[in-house]
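For the first sequence, the working numbering begins at 2 and goes up steadily by one. From the three backbone atoms N, C-alpha and C, an ideal C-beta is built for every residue, glycine too. Owing to the predicted nature of the structure, the values given are computational and were not obtained by experimental measurement. What follows is a set of notes on a single structure, which appears directly below.
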Amino acid sequence: MKIFNNLTRQLEDFIPIHSNRVNIYTCGPTVYDHSHIGHARSCMTWDMVYRYFKHKKYQVTWIRNITNIDDKIVKRALEANSSPDKLSREFTYEFWADMHALNISWPDLEPRATDYLIEMFAFIQELIDKNFAYVTKNGDVYFRVHKHVNYGQLKRQSLEQLAEGISRVDENELKESQLDFALWKAFAREPETSFNSPWGIGRPGWHLECSTMIKAILNSQNLGDTLDIHAGGDDLIFPHHENECAQSECLSGKALAKYWMHNGMVMVNGSKMSKSEGNFFTIKDLLAIYKPNTIRYFCLSTHYKKQINFGHEALEAAEQGFDKLVKFLETPSDEPLNQELIQAFENAMDNDFNSAQALALIFENKDNKNIPTLIFLLKILGFDLNNQETTANNEKSEAALAQVMDLVLDLRKTIRENKDFVTSDKIREALSKAGINVKDYRDKASEWELN
RNA sequence: GGUGGCGUAGCCAAGUGGUAAGGCAGAGGUCUGCAACACCUUUACGCGUAGGUUCAAAUCCUAUCGCCACCUCCA
């Protein structure tokens, strides 16, 4: 297998650190709102990767964190007269529901930031002891970026170049360098929104949780300090992943991850969908209109690294195409699996998870009529062929039923007026068997209800 | 300003040196009382533009234009 490693910017042979084991950590959501289609794209990508590793018989552990403490969570919680813990749990459940609806696998581990505070304290203290971090007079703890020789390795920029970009940001006089980032932020506005630490009341810096949880999980299984794969959205490369690298590498002296993978951003009308722009759709919005398989097909028919433009025209086309394929696959067949096709599929997927090419192969091989093989391959990609429903389907079918019943009763009215009671009774009985009660009246139009 | 990415048919999208996959839409046909569905056939002398290297370039090099992202919370 070959993977494009964003650290080296090269396509590399994938060789796990521990024989057949693959440890992959992907950055999960900050849970303070409903998940959007950017999360869907990202989770869909790593689900596809996870499933493919499993198909290739690797012993894979997928870790995806939940960020459940953060300024935005605190802000929302206070607005909603809730608490950060309660609010973040509420949206964690929503996130899980969305993931489940999209048929995205459950990660093997799903650590939450606030469950690792003790480990974070130890992490920070060790960095302070090793002179990589310093405490300010107000109780912040910052990481000394200049002490890390490789800082900028992911972003591919020197400290000077990075400093140029940061010059627009508000000056923070507590920092030794404006590039330094917070490991711990003094914060005590509301007691329930902050935590006690050796450096006073506050909350952890965003980057710290990933580094800490990765260390804790790997160490607990005697897997050293280096992940096989660390992944996340393109927008996390800097500063998030860069800072994770810095913290972890300074602490352990080892690389944080062997391979770095990043998925492309979701665009809406040609510009990036983002919270600050407010131009985002939630997963629930999408599931009301499109089937889960449509969304999966849409996501996987573009290579994971590329930006993807969400638009109704494109999703419509995806739905048309995939529905047709699903219909074709309903034909019963007991042909043996076509190993040649499976090999071609694997060749595509082995090349940095080229799911677009893999899907094209499936369509192309409809001609071979080997339905079991096509279903086998679609399952590897995570399609659930038994679920072709949208969440709005119930409403749709209710509306359709109402219209059909209007029509039936109207036709039957004519039949009764013509005194063809044999036919009209036949209709009423058939409807009754279908669970629909028809009520005829002497003085008004017939009515119906479900029983 | 710095850094990275992208530009392939009406739309989406593979292809990274060997003569343009696939999907949607469109066109023609089979089927049908007529449709719809399904199925069959078909749709880029050209891969942003201009040069160059090569027997051979969408693929490599140079220049150029356009779009996007990151450097601020983000998947």
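I need the straight-line Cα distance from residue i to residue j, nearest angstrom please.
i    : j    : result
C438 : N69  : Going by the sequence as given, residue 438 is Asn instead of Cys. Straight-line Cα distance between these residues: approximately 51 Å.
L301 : F323 : 12 Å
L228 : W261 : 10 Å
E278 : I238 : 20 Å
I363 : F15  : 25 Å
F329 : E95  : 34 Å
S83  : G203 : 19 Å
N173 : H147 : 17 Å
T415 : T424 : 11 Å
R157 : V150 : 13 Å
L386 : P85  : 38 Å
A361 : F384 : 15 Å
S38  : K259 : With the sequence shown as reference, residue 38 is identified as Ile, and Ser is not the correct amino acid for it. Near 28 Å, if we compare the C-alpha coordinates of K259 and I38.
D335 : K273 : 46 Å
Q404 : H35  : 34 Å
W97  : H40  : 12 Å
D71  : W207 : 7 Å
A357 : I25  : 22 Å
G436 : K285 : 31 Å
R22  : Y305 : 23 Å
I18  : G233 : 20 Å
P333 : E314 : 32 Å
T27  : G271 : 26 Å
Y152 : L257 : 13 Å
So what's residue i in DSSP terms, helix, strand or just coil?
i    : result
H231 : strand
I64  : strand
L155 : coil
V23  : strand
T295 : helix
W261 : strand
T115 : helix
Q248 : helix
A81  : coil
E243 : helix
L110 : strand
V327 : helix
D467 : The shown model of the chain, from 2 to 452, leaves out residue 467, and the question about it has no answer.
L128 : helix
T374 : helix
F188 : coil
Can you check whether the CB of residue j is closer than 8 Å to the CB of residue i?
i    : j    : result
M268 : Q321 : no
W107 : D141 : no
V75  : T213 : no
P240 : F182 : yes
F484 : M49  : A query on residue 484 cannot be resolved here, the shown segment of the chain reaching from 2 to 452 and no further.
C246 : Q154 : yes
A359 : L382 : yes
E165 : K292 : no
F346 : F311 : no
N352 : K3   : yes
A473 : Y117 : Limits of the chain in this structure are 2 at one end and 452 at the other, which puts residue 473 out of reach.
E13  : N6   : yes
Bridge partners for residue i per DSSP, in chain order?
i    : result
P337 : According to DSSP, which records beta bridges pairwise, P337 is partnered with nothing at all.
K273 : M268
A183 : Y143
E448 : K440
N352 : K3
F54  : According to DSSP, which records beta bridges pairwise, F54 is partnered with nothing at all.
S198 : G201
N310 : M268
Y135 : Y143
T283 : H37
T31  : T68
What does a CB cutoff of less than 6 Å around residue i pick up in its chain, not counting 5 residues either side in sequence?
i    : result
T93  : V32, I67
D109 : T62, W63
C251 : F133, H149
V136 : V142, W200
Y53  : M350
M121 : P205, L209, T213
By Cβ distance, which residues of its chain are closer than 8 Å to residue i, with the 5 residues on each side in sequence left out?
i    : result
E191 : V75, L79
A134 : I125, L128, V142, Y143, F144, R145, L184
I376 : L330, L386
Take residue i and list the residues in its own chain whose beta-carbon comes closer than 7 Å to its own, dropping the five residues that flank it on each side.
i    : result
D235 : H263, N264, G265, M266
T374 : L338, N339, L342, I343
A81  : L88
I296 : A41, L103, L287
D441 : S447
N452 : G436, N438
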